[in-house]
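> With the first letter of the sequence shown counted as 1, position 25 gets the number 48 in the working numbering; the numbers rise by one all the way through. Using N, Cα and C, we set each Cβ at its ideal position, and we do this for glycine too. None of these values were measured; they are calculated from a predicted model. Below is a structure I'd like to ask you about.
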Amino acid sequence: MQLIPYEGLKAKGISYSPAHIWRLVKARKFPAPIKLGGGGRNMWVESEVDVYIARKIAERDALAAA
């Protein structure tokens with residue numbers, strides 16, 4: 024299992040602001056992070072982020088096919 028920080032989200036093409044990511048997390052529309060380390064750094068499970076991206080692609084493709 025790989026964990027990625029906020030900067031890793033940007034590397035995957037997710038350019039949302041931290042505030043917007045938190046809104047999506049609270050709405051259960053984006054994977055919630057886990058906290059690591061004494062400073063409580065937020066880390067996301069990479070496979071969960073990949074599923075989010077795949078779902079967004081599927082939504083786009085479904086709209087294009089309609």
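Please state the DSSP three-state secondary structure of Arg64.
Within the sequence shown, numbered from 1, the residue matching residue 64 stands at position 41. In this structure, Arg64 counts as strand in the three-state DSSP scheme.
> What is the residue span of the beta strand (DSSP E) that Lys33 lies within?
In the sequence shown, residue 33 corresponds to position 10, counting from 1. From DSSP, Lys33 is part of no beta strand (DSSP E) but of the alpha helix (DSSP H) over 29–34.
> Which residue comes first and which comes last in the beta strand (DSSP E) that contains Lys49?
Here residue 49 refers to the residue found at position 26 of the sequence shown. Not the beta strand (DSSP E): Lys49 falls in the alpha helix (DSSP H), residues 41–49.
> Does the stretch 58–74 come within contact of the stretch 29–37, defined as at least 3 CB pairs closer than 8 Å?
Touching, per the Cβ criterion.
> With Ile80 as the anchor, note down where its alpha helix (DSSP H) starts and where it stops.
Within the sequence shown, residue 80 is the residue found at index 57, counting from 1. Per DSSP, Ile80 belongs to the alpha helix (DSSP H) from 69–88.
> Between which two residues does the beta strand (DSSP E) containing Ile57 stretch?
Residue mapping note: residue 57 aligns to position 34 of the sequence shown, counting from 1. Where Ile57 is concerned, the enclosing beta strand (DSSP E) stretches over 57–59.
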